[in-house]
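Chemist:
There are 2 protein chains.
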Amino acid sequence: MIGGSVALAARRRAGAHVRGVDPDPAAAAVVDELCDLETALDGAQVAVVAPPLGVLGDVLDAVLAAAPEDCVVTDVGSAKRVAARDDERFVGGHPLAGSERAGVEHAREDLFDGAAWYLTPTPRTSGLLYERAHRFVAALGARPAAIDADLHDRLMATVSHLPHVLANVLVEQAAALGEPAVGPSFRDATRVAGANPALWADILLANRDAIAGQLDAAAARLAEVREALERADRATLERWQAEAAESREALLEAALHSGPTRELRLSVPNRPGVVAELTLGLSRAGINISDMSLTPAPDFTRGEVALWVREADYERALALVQDL
Amino acid sequence: MIGGSVALAARRRAGAHVRGVDPDPAAAAVVDELCDLETALDGAQVAVVAPPLGVLGDVLDAVLAAAPEDCVVTDVGSAKRVAARDDERFVGGHPLAGSERAGVEHAREDLFDGAAWYLTPTPRTSGLLYERAHRFVAALGARPAAIDADLHDRLMATVSHLPHVLANVLVEQAAALGEPAVGPSFRDATRVAGANPALWADILLANRDAIAGQLDAAAARLAEVREALERADRATLERWQAEAAESREALLEAALHSGPTRELRLSVPNRPGVVAELTLGLSRAGINISDMSLTPAPDFTRGEVALWVREADYERALALVQDL
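Chains as they are written, first to last, in the numbering used here: chain A, 316 to 639; chain B, 316 to 639.
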């Protein structure tokens, strides 16, 4: 579904010629040509790797072995440390879109519209190739955001993997009581329960240390809530409830709101790691780069980088970039 | 919101004349007359009590003190043991509908359409008055279901209160990471986070022992999941995921599916507790009564009860009723 949607969006929105490699012949419906790996990568500018998570590492290695020197290789896996490859052509990727269905028949050109798409450059990643990945993802309709692989995995453990685990727990406990009537709030809270078992077993395992940390934090919080209930501590419960309301609003607000952007232009040495350092430095400070462009100087020793950040973040971004 | 929606549905669907008692003059918009408690209860057949949960007990006592001898008194609180009153006119009630907004301005005639509405008769509850409550609730558009107050509170702790607690925990943990991008699954999973703090502090406290039990069960399950992750036990995780999918489907299926019904007719002694015994006996066996009618014999010593149950439950219901 993800790979097929990338293919459709790349062809129809970015005007790209897309070659696909897939054991499933049905994939022919979404690409310009279905072929073998060598043919597919011949002269390729961008390679997007989207196999089941359990074989992602092996497929990435095969693609990097066969890809041209100036081809950026990225993936769409939902855990980013396990996927990291020490190669200047590699940038990790993860679109936050459509994970519940699998199979190319569910591919949609508009799947990534407005969706966050995390990019995890490594210290080795080439700046020019990172920029190409950033532009490619934006051309598909997504909002690219550079992030550390570590922070990414902790984030996913919190906003995606933990909700899946808790949804399963809710369903189990309800089912243990027979077949009680369940209302819309239970339906919503458990929508992702039992999602694609093979895929999710892979995801949980690929990010298991980060998820374990979040499970511990959740268990500790439940113990605190339990104590507040035992003490009949109304003030604490009411405050907790009010804080949750505020936090949720802030989270959804942040997800919706981008606001006006401003360009930040700078000259950097043309060597691997520079763009990763810049984009990750801003990301760690909570500043997202909504667009970027790189222009190497004629002698390739330096390059000019233009970054677009939110107006509100501009001064902070400028100070950070000057420090770097 | 709940009280106002009862008023609108009772007037427009059940053709009832509705008198309201409310400190908020805006309530006048949804009732035929807004008046004092004595006037409202004069000649009343049904009294529905829908104050904030924190004062529910006091209001119920006041209503029972002023209500006529043949008026059924019910409430809409989401915890049923704390509301129980030892009076033959009392039947506890809880519609599973619209808890996120408060205030009569959110009242809607169709709020209860197809919603489960739990009724918790006590051993003292009059059969005729129980039947009236059952018919009244059905006339509003809801699906009445008799249930033990104990079981009700355990069910609610599981399908409603625990999801609210877990939604808060998810939001807290995500907010602790700054303002991460959140996708639709996080939005759904946390929809109820931070719902109406004053109302929810009351709900959590009113059902605190049952909720504590569910928190313990959830914490135990999280510890098991954590161990499976530590062992990298793929088989267990995949099986767990698959079981959650099945359980959720069964839960939603049960909520949607009623199927054809069949009438079960019997003659019972006309004394308090008979109808409670029947309806709760069937409810404990997982058999729901979709409709019922009671006809007292001319001398009032016995009555005839007609119950409608699902075709598929008929034989079991018959055997159970014969045993009783």
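The C-beta atom is built at its ideal place from N, Cα and C for all residues, glycine as well.
Could you check if B:R586 is buried or exposed, using at least 16 other CB atoms within 10 Å of its CB as the buried criterion?
Modeler: The sequence position of residue 586 of chain B within the second sequence is 271, counting from 1. Answer is exposed; the Cβ neighbour count stays below 16.
Chemist: Anything in the stretch 462–491 of chain A with a Cβ closer than 7 Å to a Cβ of chain B? List those residues in chain order, please.
Modeler: If the cut-off is 7 Å between Cβ atoms, the stretch 462–491 of chain A has R469, L470, T473, V474, S475, L477, P478, V480, L481, A482, N483, V484, L485, V486, E487, Q488, A489, A490 near chain B.
Chemist: Flag this pair as yes or no: are the beta carbons of B:A461 and B:I604 separated by less than 9 Å?
Modeler: Along the second sequence, one-based indexing puts residue 461 of chain B at 146. Along the second sequence, one-based indexing puts residue 604 of chain B at 289. Contact flag set, yes.
Chemist: Counting only beta-carbon separations shorter than 9 Å, does B:V397 have a partner in chain A?
Modeler: For the purposes of this step, residue 397 of chain B is taken as the residue at position 82 of the second sequence. By this cut-off, B:V397 is not an interface position.
Chemist: I need the DSSP call for A:D638, collapsed to helix, strand or coil.
Modeler: Translated into positions along the first sequence, residue 638 of chain A becomes position 323. Correct three-state label for A:D638: helix.
Chemist: With distances taken from CA atoms, which of A:V507, A:A422, A:V336 is nearest B:F501?
Modeler: Working through the second sequence from its first residue, we reach residue 501 of chain B at position 186. The shortest Cα separation from B:F501 among A:V507, A:A422, A:V336 belongs to A:V507.
Chemist: Measuring straight from C-alpha to C-alpha, what distance separates A:A538 and A:E384?
Modeler: Locating residue 538 of chain A in the first sequence gives position 223, counting from the first residue. Locating residue 384 of chain A in the first sequence gives position 69, counting from the first residue. Cα to Cα, the separation comes out at about 54 Å.
Chemist: By the three-class DSSP mapping on this structure, what secondary structure does B:L434 have?
Modeler: Walking along the second sequence from the start, residue 434 of chain B turns up at place 119. Here B:L434 sits in strand by DSSP.
Chemist: Which residue wins for smallest C-alpha separation from A:E578, given the options A:D339, A:V636, A:T389?
Modeler: Working through the first sequence from its first residue, we reach residue 578 of chain A at position 263. Minimum Cα distance to A:E578 is reached at A:V636.
Chemist: With a cut-off of 9 Å, does the C-beta of A:T354 fall near any C-beta of chain B?
Modeler: Indexing the first sequence from 1 puts residue 354 of chain A at position 39. A:T354 does not count as touching chain B.
Chemist: Out of A:P367, A:A412, A:Q360, A:G335, which one is the CA nearest neighbour of A:P458?
Modeler: Position 143 of the first sequence, counted from the first residue, corresponds to residue 458 of chain A. Note that residue 458 of chain A is Arg in the sequence shown here, rather than Pro. Among A:P367, A:A412, A:Q360, A:G335, the Cα nearest to that of A:R458 belongs to A:A412.
Chemist: Please work out which residues of its chain come closer than 8 Å, Cβ to Cβ, to A:Q595, disregarding the five sequence neighbours upstream and downstream, and give them in chain order.
Modeler: Here residue 595 of chain A refers to the residue found at position 280 when the first sequence is read from its first residue. Reading the sequence as shown, one finds Leu at residue 595 of chain A and not Gln. The answer, listed in chain order, is P436, A461, I462, D463.
Chemist: Report the option in B:G528, B:Y433, B:N511 whose CA atom is closest to the CA atom of B:L477.
Modeler: Residue mapping note: residue 477 of chain B aligns to position 162 of the second sequence, counting from 1. It is B:G528.
Chemist: Taking the alpha carbon of B:E564 as the point to measure from, which residue in A:T551, A:E487, A:V624 has its own alpha carbon closest?
Modeler: Numbered from its first residue, the second sequence carries residue 564 of chain B at position 249. Comparing Cα positions, the closest option is A:E487.
Chemist: How long is the line joining the alpha carbons of A:G407 and A:A344, rounded to whole angstroms?
Modeler: Here residue 407 of chain A refers to the residue found at position 92 when the first sequence is read from its first residue. Here residue 344 of chain A refers to the residue found at position 29 when the first sequence is read from its first residue. Between A:G407 and A:A344, the C-alpha separation is close to 26 Å.
Chemist: Would B:N585 count as contacting chain A if we go by Cβ distances under 9 Å?
Modeler: Counted from its first residue, the second sequence places residue 585 of chain B at position 270. It does not; no Cβ of chain A falls within 9 Å.
Chemist: List the residues of chain B that A:T505 touches, going by C-beta distances under 7 Å, in chain order.
Modeler: Against the first sequence, residue 505 of chain A aligns to sequence position 190. Under the 7 Å cutoff, chain B gives R563.
Chemist: Should B:R447 and B:Q360 be called a contact, given that it needs their Cβ atoms to be closer than 9 Å?
Modeler: Counting from one through the second sequence, the residue named residue 447 of chain B turns up at place 132. Counting from one through the second sequence, the residue named residue 360 of chain B turns up at place 45. Contact: yes.
Chemist: How do the stretch 618–628 of chain A and the stretch 391–407 of chain B stand: do at least 3 beta-carbon pairs fall below 8 Å, yes or no?
Modeler: Touching, no, given that fewer than three Cβ pairs across the two stretches are closer than 8 Å.
Chemist: To the nearest angstrom, report how far apart A:A535 and A:T473 are at their CA atoms.
Modeler: Residue mapping note: residue 535 of chain A aligns to position 220 of the first sequence, counting from 1. Residue mapping note: residue 473 of chain A aligns to position 158 of the first sequence, counting from 1. Rounded to whole angstroms, A:A535 to A:T473 spans 15 Å at the Cα level.
Chemist: Of the residues that make up the stretch 524–546 of chain B, which ones have a beta carbon closer than 9 Å to any beta carbon in chain A?
Modeler: Listed by position along the chain: D524, I526, A527, Q529, L530, D531, A532, A533, A534, R536, L537, A538, V540, R541, A543, L544, E545.
Chemist: On the criterion of 16 or more Cβ atoms from any shown chain inside 10 Å, does A:V370 qualify as buried, or is it exposed?
Modeler: Looking up residue 370 of chain A in the first sequence gives position 55. It is exposed - the Cβ of A:V370 has fewer than 16 other Cβ atoms within 10 Å.
Chemist: Alpha carbon to alpha carbon, how far is A:A322 from A:G392?
Modeler: Indexing the first sequence from 1 puts residue 322 of chain A at position 7. Indexing the first sequence from 1 puts residue 392 of chain A at position 77. Going by the C-alpha atoms only, they are around 16 Å apart.
Chemist: Against chain B, does A:E553 count as a neighbour if the rule is that its beta carbon must be under 9 Å from one of theirs?
Modeler: Working through the first sequence from its first residue, we reach residue 553 of chain A at position 238. So, interface residue.
Chemist: My output table needs one value for A:E384: the three-state DSSP class, helix, strand or coil.
Modeler: In the first sequence, residue 384 of chain A corresponds to position 69, counting from 1. Three-state DSSP puts A:E384 in coil, outside helix and strand.
Chemist: Helix, strand or coil: how does DSSP classify A:P611 here?
Modeler: Translated into the one-based positions of the first sequence, residue 611 of chain A becomes position 296. In this structure, A:P611 counts as strand in the three-state DSSP scheme.
Chemist: Using the C-alpha atoms, what's the distance from B:A324 back to B:A341?
Modeler: Sequence index remark: in the second sequence, residue 341 of chain B carries index 26 (1-based). Sequence index remark: in the second sequence, residue 324 of chain B carries index 9 (1-based). Rounded to the nearest angstrom, the two C-alpha atoms are 17 Å apart.
Chemist: In angstroms with no decimal places, state the Cα-to-Cα distance between A:R439 and A:S608.
Modeler: Position 124 of the first sequence holds residue 439 of chain A. Position 293 of the first sequence holds residue 608 of chain A. Roughly 19 Å between the two C-alpha positions.
Chemist: Using 8 Å for Cβ pairs, my map puts A:R328 next to A:G456. What's the rounded Cβ distance?
Modeler: For the purposes of this step, residue 328 of chain A is taken as the residue at position 13 of the first sequence. For the purposes of this step, residue 456 of chain A is taken as the residue at position 141 of the first sequence. With a Cβ gap of about 6 Å, A:R328 and A:G456 count as contacting.
Chemist: How about A:Y433: is its C-beta nearer than 9 Å to some C-beta of chain B?
Modeler: For this step, residue 433 of chain A is matched to residue 118 along the first sequence. Closer than 9 Å to some Cβ of chain B, the Cβ of A:Y433 qualifies, so yes.
Chemist: Taking C-beta pairs closer than 8 Å, name the residues in chain A that B:L520 reaches, listed in chain order.
Modeler: Counting from one through the second sequence, the residue named residue 520 of chain B turns up at place 205. Simply L544, A547, R549, L552.
Chemist: Identify whether B:F427 lies in helix, strand or coil by the three-state DSSP scheme.
Modeler: Working through the second sequence from its first residue, we reach residue 427 of chain B at position 112. Correct three-state label for B:F427: coil.
Chemist: Please look up how many angstroms separate the CB atoms of B:L379 and B:V388, rounded, as I've assumed it's under 8 Å.
Modeler: In the second sequence, the residue the question calls residue 379 of chain B occupies position 64. In the second sequence, the residue the question calls residue 388 of chain B occupies position 73. Between B:V388 and B:L379 the Cβ distance is about 6 Å, and since that is below 8 Å, they are a contact.
Chemist: With 16 other CB atoms within 10 Å as the buried threshold, where does A:T616 fall?
Modeler: Here residue 616 of chain A refers to the residue found at position 301 when the first sequence is read from its first residue. With fewer than 16 other Cβ atoms within 10 Å, it is exposed.
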